[in-house]
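S.K.: There's a structure below that I have some questions on.
There are 2 protein chains.
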Amino acid sequence: MALISPSRRLRRTPFSDGVEAAGVKAYTIYNRMLLPTMFESVEADYRHLKDHVQVWDVAVERQVELRGPDAGRLMQMLTPRDLRRMLPGQCYYVPIVDETGGMLNDPVAVKLAEDRWWISIADSDLLLWVKGIANGYRLDVLVDEPDISPLAVQGPKADDLMARVFGDRVRDIRFFRFDMFQFEGRDLAIARSGYSKQGGFEIYVDGTELGMPLWERLFATGEDLNVRAGCPNAIERIEGGLLSYGNDMTDDNTPHECGLGRFCDTQTAIGCIGRDALLRVAKEGPVQQIRPIEIAGAPTPSIDRAWPLMAGKTRVGQVTSAAWSPDFNTNVAIGMVRMTHWDPGTVLEVIAPDGARRATVCEAFWL
Amino acid sequence: MALISPSRRLRRTPFSDGVEAAGVKAYTIYNRMLLPTMFESVEADYRHLKDHVQVWDVAVERQVELRGPDAGRLMQMLTPRDLRRMLPGQCYYVPIVDETGGMLNDPVAVKLAEDRWWISIADSDLLLWVKGIANGYRLDVLVDEPDISPLAVQGPKADDLMARVFGDRVRDIRFFRFDMFQFEGRDLAIARSGYSKQGGFEIYVDGTELGMPLWERLFATGEDLNVRAGCPNAIERIEGGLLSYGNDMTDDNTPHECGLGRFCDTQTAIGCIGRDALLRVAKEGPVQQIRPIEIAGAPTPSIDRAWPLMAGKTRVGQVTSAAWSPDFNTNVAIGMVRMTHWDPGTVLEVIAPDGARRATVCEAFWL
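Below, the structure is given as structure tokens:
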């Protein structure tokens with residue numbers, strides 16, 4: 004791992020003081036902001052996440068806020084997912100596509116009211132696309148990045164910890180729904196969501212000044228639950244098949260290639276900018292698609308570029324995320340594979356930096 | 004400094020193998036790509052840059068390419084600088100603003116032909132704004148990010164090194180002009196430009212596969228010129244008053260606040276999206292502006308957030324870049340200061356993490 008030079012451009016978060024005090028060991032940069040990647044070790048963090056409860060600084064999930072009479076119309080222009088039945092209080096995972104159907108982001112849309120939405124973004128300046136579209140189509144909507152910073156509480160004991168701070172009503176929040184809760188006299192949206200498969204919540208912390216008080220309250224309240232600072236875990240998210248925009252897919256890929264065809268209602272989401280292109284894709288089907296891949300041998304080195312997937316001398320895809328899984332005792336990976344070789348059980352070769360290894364296309368992620 | 008975890012999302016460049024072999028010690032992330040920040044030490048790199056010649060991997064200056072009949076019209080919509088007299092072969096520094104006059108980027112526009120432009124961007128996904136505007140206004144133009152990676156050759160011996168590789172004709176390139184030169188049978192645009200005040204060139208390397216051959220040719224050819232791998236230098240760029248988007252300014256700031264009013268032809272650049280807002284700003288003048296700031300005392304710590312500038316108990320601005328300058332024997336800095344306190348000679352206090360220090364507003368940068 005290399006060192007990173009400090010600069011204001013790589014923004015701190017409302018929780019950075021807590022993250023540092025908890026002994027963060029490494030970061031990534033995500034939306035021009037610091038995102039922790041490791042506290043004790045990736046393996047120890049993984050074990051703890053699966054057994055206990057962690058508090059994650061995911062302020063990097065910046066919000067794009069849409070406000071005004073055309074907010075709903077604009078939201079539908081951005082995504083091929085049909086939003087007509089979505090109610091305030093719901094969260095939808097929404098692929099965002101350009102006019103060719105290329106993925107620009109894969110965020111979660113949060114519907115606060117008919118005329119007010121948040122888009123909780125992955126790693127690209129989606130704000131600029133949304134502002135450009137709103138301006139170009141002369142929509143009656145305000146688009147900006149408010150001072151909202153998500154804090155995630157993840158792991159099997161997340162309900163218990165959250166109930167102690169926000170009351171038992173948090174237990175009633177259903178998956179991908181949110182409700183409003185008070186903290187220090189302020190109303191905060193809390194959703195049952197998060198970038199792990201261990202269950203938990205995301206708190207949309209409204210105002211930088213609330214960050215550290217909430218962080219400290221969670222840790223003080225959860226001491227006997229063995230609460231720790233954590234972060235999205237490379238092993239756990241690959242096991243669970245949670246994609247990473249910029250790693251597993253880019254704007255070169257359609258949602259169908261990413262296995263997100265079920266979020267594309269191209270027959271009904273007719274307001275979507277990329278609808279025509281995706282209708283074509285839906286008809287013909289993608290020629291390559293995301294697959295779970297098992298890589299043989301000892302733990303793979305860190306992955307910092309796409310590793311080619313070969314069938315003999317022909318390149319038939321690439322691996323873009325990989326990690327050693329202690330629970331499944333193998334290297335778990337995510338790859339994009341051409342249709343000629345994407346059937347489960349197909350044995351390929353992956354060219355890792357330390358040599359070629361056997362790579363097997365799997366039926367399902369490791370859940 | 005913290006460690007950064009490797010990932011495909013933090014993209015390598017065509018020159019990364021060379022950068023690593025040259026012993027890079029630290030990076031920043033810029034446009035989701037690795038940008039070296041230090042080789043020997045920031046001070047040693049600084050000395051060498053001012054005395055010799057360096058090759059910089061600035062592939063992070065991604066290009067937004069505009070192609071088609073509406074390319075020129077779109078380019079003018081993006082910036083308040085009047086482009087009507089700009090000729091193919093010229094480069095213009097162009098503030099890019101949204102409809103409120105807020106800075107979205109401060110790139111260099113490269114006019115290849117009437118219907119073909121590159122925008123060589125600073126750190127924001129300007130591609131998304133440009134694509135959104137092109138789509139919303141239904142312009143007849145293709146917008147994408149081509150496989151172009153700038154490589155800079157900077158320092159007093161830059162002309163000599165470049166002439167050896169590309170011939171003496173490179174010496175004739177005027178400041179902020181470019182011409183076409185051959186390398187391995189390929190035509191490359193070479194401009195006299197770069198993010199230092201030591202003189203030099205930027206080579207727009209067209210095709211990843213050309214990256215390492217060109218890198219190696221420059222080093223093999225320049226051995227007796229003491230050529231080294233380098234990078235934009237924090238000290239030198241502050242001395243020279245070269246602003247950094249995301250550090251010294253954000254989308255909260257107008258070009259006028261950034262001291263870029265001379266690039267705003269609000270009377271004539273009537274196609275610009277932010278023109279109306281900037282006309283208002285030009286009339287009334289900004290209430291805060293970028294200033295060179297001298298900070299007293301020992302070398303300041305690294306700056307990773309804005310440091311408040313105080314006049315007694317009133318906050319009157321902030322410092323966003325700072326470094327110890329060996330040549331000027333003081334801490335040089337860039338700050339944004341309110342008009343009540345921006346006159347040269349005004350003595351303020353800056354709140355650095357290790358305590359308050361005397362901060363003096365200067366007349367000019369250190370050139």
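Residue numbers (our numbering), protein chains in the order written: chain P, 4 to 370; chain V, 4 to 370.
Just so you know, even glycine gets a beta-carbon here, dropped at the ideal spot from N, CA and C.
By Cβ distance, which residues of its chain are closer than 8 Å to P/G92, with the 5 residues on each side in sequence left out?
M.R.: Within the first sequence, the letter at position 89 stands for residue 92 of chain P. Excluding sequence neighbours, P/G92 sits near K114, R180, F181 and D182.
S.K.: Taking Cβ positions only, does P/E102 come closer than 9 Å to chain V?
M.R.: The residue labelled residue 102 of chain P in the question sits at position 99 within the first sequence. Cβ-Cβ to chain V under 9 Å: yes for P/E102.
S.K.: Among all the DSSP beta bridges, which residues are the ones paired with V/T363?
M.R.: Numbered from 1 along the second sequence, position 360 holds the residue referred to as residue 363 of chain V. Per DSSP, V/E297 and V/V350.
S.K.: In chain V, which residues lie less than 7 Å from P/W120 when you measure between Cβ atoms?
M.R.: Reading the first sequence from its first residue, position 117 is the one you call residue 120 of chain P. Those do not exist, as P/W120 stays about 17 Å from chain V at its closest Cβ, beyond 7 Å.
S.K.: For a cutoff of 9 Å on Cβ pairs, would you count P/V27 as touching chain V?
M.R.: If you number the first sequence from 1, residue 27 of chain P lands on position 24. With 9 Å as the cut-off, P/V27 counts as an interface residue toward chain V.
S.K.: Exposed or buried, which one is P/F204 when buried takes at least 16 other CB atoms within 10 Å?
M.R.: In the first sequence, the residue the question calls residue 204 of chain P occupies position 201. Its Cβ being crowded by 16 or more others within 10 Å, P/F204 is buried.
S.K.: Name the chain P residues whose beta carbon is nearer than 7 Å to that of V/D307?
M.R.: Position 304 of the second sequence holds residue 307 of chain V. Result: P9, S10, R11 and R15.
S.K.: Does the beta carbon of V/S247 sit closer than 9 Å to a beta carbon anywhere in chain P?
M.R.: Residue 247 of chain V sits at position 244 when you count from the first residue of the second sequence. For V/S247, the answer is yes, since a Cβ of chain P falls inside 9 Å of its Cβ.
S.K.: Compare the C-beta of P/L324 against all C-beta atoms of chain V and say whether one is closer than 9 Å.
M.R.: For the purposes of this step, residue 324 of chain P is taken as residue 321 along the first sequence, with counting starting at 1. According to the sequence displayed, residue 324 of chain P carries Ser and not Leu. So, interface residue.
S.K.: Tell me where the alpha helix (DSSP H) around V/L77 begins and ends.
M.R.: Locating residue 77 of chain V in the second sequence gives position 74, where the first residue counts as 1. Where V/L77 is concerned, the enclosing alpha helix (DSSP H) stretches over A74 to L81.
S.K.: Please tell me whether V/I136 has its Cβ less than 9 Å away from any Cβ of chain P.
M.R.: Here residue 136 of chain V refers to the residue found at position 133 of the second sequence. Closer than 9 Å: yes.
S.K.: Give me, in chain order, the residues of the same chain whose beta-carbon lies closer than 8 Å to that of V/C365; leave out the 5 immediate sequence neighbours on both sides.
M.R.: Mapped onto the second sequence, residue 365 of chain V falls at position 362. Same-chain partners within the cutoff: R294, P295, I296, E297 and P347.
S.K.: Determine whether the Cβ of V/G139 lies closer than 9 Å to any Cβ atom of chain A.
M.R.: Among the protein chains of the structure shown, namely P and V, there is no chain A.
S.K.: Where does P/D330 land, buried or exposed, given buried means 16+ other C-beta within 10 angstroms?
M.R.: Along the first sequence, read from residue 1 onward, the residue named residue 330 of chain P stands at position 327. The residue is exposed, with fewer than 16 neighbouring Cβ atoms inside 10 Å.
S.K.: Going straight from the alpha carbon of V/D109 to that of V/Y96, what length do you get?
M.R.: Position 106 of the second sequence holds residue 109 of chain V. Position 93 of the second sequence holds residue 96 of chain V. Approximately 7 Å between the Cα atoms of the pair.
S.K.: Taking DSSP's pairing of strands, which residues face V/W132 in a bridge?
M.R.: Reading the second sequence from its first residue, position 129 is the one you call residue 132 of chain V. None, per the DSSP bridge assignment.
S.K.: At 8 Å on the CB atoms, spell out the chain P contacts of V/D126, in chain order.
M.R.: Residue numbering aside, residue 126 of chain V sits at position 123 when the second sequence is read from its first letter. R12 and R35, listed in chain order.
S.K.: Please classify P/G274: does DSSP put it in a helix, a strand, or coil?
M.R.: In the first sequence, the residue the question calls residue 274 of chain P occupies position 271. Correct three-state label for P/G274: coil.
S.K.: Can you list, in chain order, the residues of its chain with a C-beta nearer than 7 Å to that of V/E187? Leave out the 5 residues immediately preceding and following it.
M.R.: Locating residue 187 of chain V in the second sequence gives position 184, where the first residue counts as 1. Answer for V/E187: L213 and P216, listed in chain order.
S.K.: Please indicate yes or no: does the CB of P/P258 lie closer than 8 Å to some heavy atom of the ligand SAH?
M.R.: Absence of the ligand SAH is noted for the structure shown, with no ligands found whatsoever.
S.K.: For the alpha helix (DSSP H) that V/G249 lies in, which residues bound it at each end?
M.R.: Against the second sequence, residue 249 of chain V aligns to sequence position 246. If you look at V/G249, you'll find it isn't in any alpha helix (DSSP H); DSSP assigns it neither H nor E.
S.K.: Straight-line CA distance for P/Q66 to V/M80?
M.R.: Taking the first sequence and counting its residues from 1, one reaches residue 66 of chain P at position 63. Taking the second sequence and counting its residues from 1, one reaches residue 80 of chain V at position 77. Rounded to the nearest angstrom, the two C-alpha atoms are 27 Å apart.
S.K.: With a threshold of 9 Å between beta-carbons, can P/V133 be considered close to chain V, or not?
M.R.: Locating residue 133 of chain P in the first sequence gives position 130, counting from the first residue. Yes - at least one Cβ of chain V is within 9 Å of the one on P/V133.
S.K.: Under the three-state reduction of DSSP, which class applies to P/A237: helix, strand or coil?
M.R.: By 1-based counting over the first sequence, the position of residue 237 of chain P is 234. Residue state, collapsed to three classes: helix.
S.K.: Note down, in chain order, all residues in the region 88 to 112 of chain P with a beta-carbon under 8 Å from any beta-carbon belonging to chain V.
M.R.: D101, E102 and L107
S.K.: Thinking just about the alpha-carbon of each residue, which of V/T317, V/L154 and V/N332 is nearest to the one in V/G210?
M.R.: Counting from one through the second sequence, the residue named residue 210 of chain V turns up at place 207. Nearest option by C-alpha distance: V/L154.
S.K.: Under the DSSP definition of a beta bridge, which residues are partnered with P/I32?
M.R.: For the purposes of this step, residue 32 of chain P is taken as the residue at position 29 of the first sequence. The partner list for P/I32 (beta bridge, DSSP) reads P/L37.
S.K.: How big is the Cα-Cα spacing for V/F184 and V/R70?
M.R.: Against the second sequence, residue 184 of chain V aligns to sequence position 181. Against the second sequence, residue 70 of chain V aligns to sequence position 67. The C-alpha of V/R70 is placed about 22 Å away from the C-alpha of V/F184.
S.K.: Which chain P residues sit within Cβ distance under 8 Å of V/Y49?
M.R.: Taking the second sequence and counting its residues from 1, the one referred to as residue 49 of chain V is at position 46. The contacting residues do not exist; V/Y49 stays about 14 Å from chain P at best.
S.K.: Could you please give the first and the last residue of the uninterrupted beta strand (DSSP E) stretch that includes P/T317?
M.R.: Residue mapping note: residue 317 of chain P aligns to position 314 of the first sequence, counting from 1. Looking at the DSSP string, the run of the beta strand (DSSP E) that includes P/T317 is T317 to S328.
S.K.: I need the boundaries of the alpha helix (DSSP H) containing V/L164, first residue and last residue.
M.R.: Sequence index remark: in the second sequence, residue 164 of chain V carries index 161 (1-based). Element bounds for V/L164: A161 to F169.
S.K.: Out of V/T253, V/L164 and V/D268, state which residue places its alpha-carbon closest to the alpha-carbon of V/V56.
M.R.: For the purposes of this step, residue 56 of chain V is identified with residue 53 of the second sequence, where counting begins at 1. It is V/L164.
S.K.: Would V/K286 be called buried (16 or more neighbouring beta carbons within 10 Å of its own) or exposed?
M.R.: Along the second sequence, read from residue 1 onward, the residue named residue 286 of chain V stands at position 283. Around the C-beta of V/K286, fewer than 16 other C-beta atoms lie within 10 Å, and the residue is accordingly described as exposed.
S.K.: List the whole-angstrom C-beta distance separating P/V45 from P/A325, where the pair is believed to meet the contact cut-off of C-beta under 8 Å.
M.R.: Locating residue 45 of chain P in the first sequence gives position 42, where the first residue counts as 1. Locating residue 325 of chain P in the first sequence gives position 322, where the first residue counts as 1. Not confirmed; about 12 Å, so no contact.
S.K.: Mind checking which residues open and close the beta strand (DSSP E) that includes P/P216?
M.R.: The residue given as residue 216 of chain P occupies position 213 in the first sequence. It is not in any beta strand (DSSP E) - P/P216 instead sits in the alpha helix (DSSP H) that spans G214 to T224.
S.K.: Under the rule that 16 or more other beta-carbon atoms within 10 Å means buried, what is P/R141, buried or exposed?
M.R.: Translated into the one-based positions of the first sequence, residue 141 of chain P becomes position 138. Exposed is the call here.
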